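The structure appears right after this line, and notes come after that.
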Amino acid sequence: MNKTIVITGGAGFIGSHVIRRFVKNYPDYQIINLDSLTYAGNLNNIEDVSKSSNYKFVKGDITDRDFIFRFIADTQPDGVIHLAAESHVDRSIRNPVAFLTTNILGTVHLMDALREIWKEPTDKRFYHISTDEVYGSLGKEGYFTESTAYDPKSPYSASKASSDHFVRSYFNTFGLPIVISNCSNNYGPNQFPEKLIPLMINNIRHNKPLPVYGKGENIRDWLYVEDHASAIDLIFHKGKTGETYNIGGENEWKNIDLVNFLCQLMDKKLGRNSGDSEKLITYVTDRAGHDLRYAIEAEKLRDELGWRPSLQFEEGLEKTVDWYLSNDDWLEAVTSGDYQNYYQEYYK
Ligand code: NAD
Ligand code: DAU
Numbered sequence: 003m004n005k006t007i008v009i010t011g012g013a014g015f016i017g018s019h020v021i022r023r024f025v026k027n028y029p030d031y032q033i034i035n036l037d038s039l040t041y042a043g044n045l046n047n048i049e050d051v052s053k054s055s056n057y058k059f060v061k062g063d064i065t066d067r068d069f070i071f072r073f074i075a076d077t078q079p080d081g082v083i084h085l086a087a088e089s090h091v092d093r094s095i096r097n098p099v100a101f102l103t104t105n106i107l108g109t110v111h112l113m114d115a116l117r118e119i120w121k122e123p124t125d126k127r128f129y130h131i132s133t134d135e136v137y138g139s140l141g142k143e144g145y146f147t148e149s150t151a152y153d154p155k156s157p158y159s160a161s162k163a164s165s166d167h168f169v170r171s172y173f174n175t176f177g178l179p180i181v182i183s184n185c186s187n188n189y190g191p192n193q194f195p196e197k198l199i200p201l202m203i204n205n206i207r208h209n210k211p212l213p214v215y216g217k218g219e220n221i222r223d224w225l226y227v228e229d230h231a232s233a234i235d236l237i238f239h240k241g242k243t244g245e246t247y248n249i250g251g252e253n254e255w256k257n258i259d260l261v262n263f264l265c266q267l268m269d270k271k272l273g274r275n276s277g278d279s280e281k282l283i284t285y286v287t288d289r290a291g292h293d294l295r296y297a298i299e300a301e302k303l304r305d306e307l308g309w310r311p312s313l314q315f316e317e318g319l320e321k322t323v324d325w326y327l328s329n330d331d332w333l334e335a336v337t338s339g340d341y342q343n344y345y346q347e348y349y350k
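Using the working numbering, the first residue of the sequence shown is number 3, and each one after it goes up by one.
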């Protein structure tokens with residue numbers, strides 16, 4: 003093994019795709035998945051690689067400072083790819099403190115522990131995975147670039163913005179070798195059905211109302227999760243220390259257009275009459291402080307590192323729908339129990 007890489011949050015949606023990619027593509031790396039298994043963490047997401055000789059799972063909480071110091075000292079990682087986070091905007095509106103604790107404090111604990119062991123950190127790397135939501139909301143025109151001023155609007159994005167600032171401050175103040183990326187909305191297999199696309203897929207499947215916030219006119223820039231994982235791989239290995247890279251799909255969709263498109267696709271897949279699923283669309287009270295539009299300019303990543311998304315949205319969405327329809331057990335397991343309480347509370 004020539005390198006030990008810790009990936010935090012590897013049982014979550016994006017983390018599980020990053021784990022799979024690294025375990026398979028880098029047999030010489032020892033990959034350690036550190037995850038506390040919150041409601042969003044699910045070891046079934048990475049069952050296929052769980053027996054690989056270069057993979058190990060450690061259950062642990064990044065908000066537990068003593069544990070993190072012990073874990074980092076024992077593990078002596080050469081690199082950390084940090085994805086563990088509270089990630090859902092609606093939950094952050096109900097419970098901001100959990101976002102502050104995990105997303106800000108957890109990130110700082112990790113970096114403090116790394117400072118203890120990386121005395122000469124020339125070939126080390128702390129890679130912080132962040133979001134385009136730190137830039138706030140766009141109007142109808144323009145794009146977020148790496149130099150757009152931070153203007154977070156939700157407790158979730160405020161916590162991610164704060165953690166980004168801490169990460170940069172540790173580079174400037176302590177010379178911690180960091181890199182950051184800010185990505186647009188991901189979709190694909192294994193996404194917890196609190197997020198728009200899997201929630202709609204699950205509800206269409208059960209003929210339940212499709213809750214569209216406000217008038218459905220908000221716009222998001224969607225990227226297939228494996229394309230995000232390929233960008234993370236590239237930035238981890240080739241990105242410049244201290245730099246930030248934006249990652250996006252150049253694929254903007256108004257929510258209502260996306261939901262309509264998904265309805266048509268699922269009508270075909272489920273053998274329903276065209277238009278059946280669209281009848282389930284229900285406009286509901288808007289999200290508080292709902293950002294109108296996100297759109298990423300990923301020129302830096304494209305020009306400096308040669309990254310391009312590999313999938314067209316239509317193809318990626320079809321793969322996603324097929325995955326959910328053929329992984330009934332996964333969906334049933336994550337939507338039983340607590341999910342029902344969550345759904346009642348948020349959509350009552
Ligand atoms: P997710 O909610 O699916 O997974 C988060 C994972 O982190 C889970 O496995 C969970 O168990 C783990 N975790 C949470 N708190 C923890 C703690 N205290 N200690 C250890 N582990 C903990 O999230 P995701 O959608 O996969 O997002 C991963 C990262 O990517 C986050 O940092 C998020 O801000 C960022 N991001 C997400 C998107 C997106 O569209 N989902 C886009 C851009 C950036
Ligand atoms: O932009 C990157 C961000 O994308 C990530 O940092 C976040 O972790 C991720 O959750 C996502 O945030 P959004 O708030 O954009 O994603 P979400 O899937 O929650 O919502 C997408 C859009 O759909 C948003 O405009 C709100 C709307 N929506 C969402 C849900 C869950 C609905 O209209 N109805 C719904 O039931």
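The C-beta atom is built at its ideal place from N, Cα and C for all residues, glycine as well.
In this text the structure is predicted, and so the values were computed from the model without any measurement.
Alpha-carbon to alpha-carbon, residue j and residue i
i: residue 308; j: residue 245; result: 16 Å
i: residue 181; j: residue 15; result: 21 Å
i: residue 109; j: residue 147; result: 24 Å
i: residue 168; j: residue 106; result: 8 Å
i: residue 339; j: residue 270; result: 30 Å
i: residue 185; j: residue 273; result: 35 Å
i: residue 162; j: residue 137; result: 10 Å
i: residue 213; j: residue 341; result: 16 Å
i: residue 71; j: residue 61; result: 14 Å
i: residue 215; j: residue 327; result: 25 Å
i: residue 134; j: residue 6; result: 29 Å
i: residue 201; j: residue 323; result: 11 Å
i: residue 1; j: residue 63; result: Residue 1 is absent from the model: the chain starts at 3 and stops at 350.
i: residue 66; j: residue 151; result: 32 Å
i: residue 43; j: residue 37; result: 7 Å
i: residue 291; j: residue 31; result: 43 Å
i: residue 170; j: residue 287; result: 37 Å
i: residue 242; j: residue 191; result: 30 Å
i: residue 211; j: residue 59; result: 38 Å
i: residue 330; j: residue 27; result: 29 Å
i: residue 236; j: residue 183; result: 11 Å
Exposure label - residue i; buried when at least 16 CB within 10 Å
i: residue 144; result: exposed
i: residue 165; result: buried
i: residue 293; result: buried
i: residue 142; result: exposed
i: residue 193; result: buried
i: residue 91; result: buried
i: residue 275; result: exposed
i: residue 78; result: exposed
i: residue 277; result: exposed
i: residue 129; result: buried
i: residue 285; result: exposed
i: residue 29; result: exposed
i: residue 111; result: buried
i: residue 347; result: exposed
Beta-carbon proximity list for residue i, same chain, < 8 Å, skipping 5 on both sides
i: residue 85; result: 9, 10, 11, 12, 14, 16, 17, 20, 131
i: residue 240; result: 307
i: residue 320; result: 267
i: residue 75; result: 115, 118, 119
i: residue 195; result: 201, 203, 204, 333, 336, 337, 341
i: residue 39; result: 13, 45, 61
Bounding residues of the alpha helix (DSSP H) (the contiguous stretch that carries residue i)
i: residue 119; result: 108 to 119
i: residue 228; result: 227 to 240
i: residue 175; result: 157 to 176
i: residue 24; result: 15 to 27
i: residue 41; result: First-last for residue 41: undefined, no H or E at that position.
i: residue 152; result: Run containing residue 152: none; DSSP gives neither H nor E here.
i: residue 195; result: Per DSSP, residue 195 belongs to no alpha helix (DSSP H) and is neither H nor E.
i: residue 281; result: Per DSSP, residue 281 belongs to no alpha helix (DSSP H) and is neither H nor E.
i: residue 45; result: Segment: none, residue 45 is in no alpha helix (DSSP H) and carries neither H nor E.
i: residue 273; result: Segment: none, residue 273 is in no alpha helix (DSSP H) and carries neither H nor E.
i: residue 336; result: 330 to 337
i: residue 67; result: 67 to 77
i: residue 304; result: 301 to 307
Cβ shell of residue i (< 7 Å), same chain only, five flanking positions each side left out
i: residue 303; result: 233, 247, 248, 249, 309
i: residue 332; result: 46
i: residue 313; result: 226, 229
i: residue 153; result: 137, 138
Where the beta strand (DSSP E) through residue i begins and ends
i: residue 2; result: Past the edges of the chain, shown from 3 to 350, lies residue 2, and the structure says nothing about it.
i: residue 91; result: No beta strand (DSSP E) contains residue 91, which is instead part of the alpha helix (DSSP H) from 91 to 96.
i: residue 212; result: 212 to 215
i: residue 82; result: 81 to 84
Other residues of its chain near residue i: CB distance less than 6 Å, five sequence neighbours each side excluded
i: residue 127; result: 81, 179
i: residue 51; result: 22, 25, 57
i: residue 176; result: 117
i: residue 295; result: 140, 221
So, does the stretch 245 to 262 touch the stretch 39 to 51, judging by three or more C-beta pairs under 8 Å? no
Is it a yes or a no for the stretch 155 to 170 touching the stretch 96 to 111, going by three-plus beta-carbon pairs under 8 Å? yes
State whether the stretch 279 to 286 contacts the stretch 231 to 243, with contact taken as three or more CB pairs (one from each stretch) at a distance under 8 Å. no
Spell out a yes or no on whether the stretch 115 to 127 and the stretch 215 to 228 are touching, meaning 3 or more CB-CB pairs, one atom from each, closer than 8 Å. no
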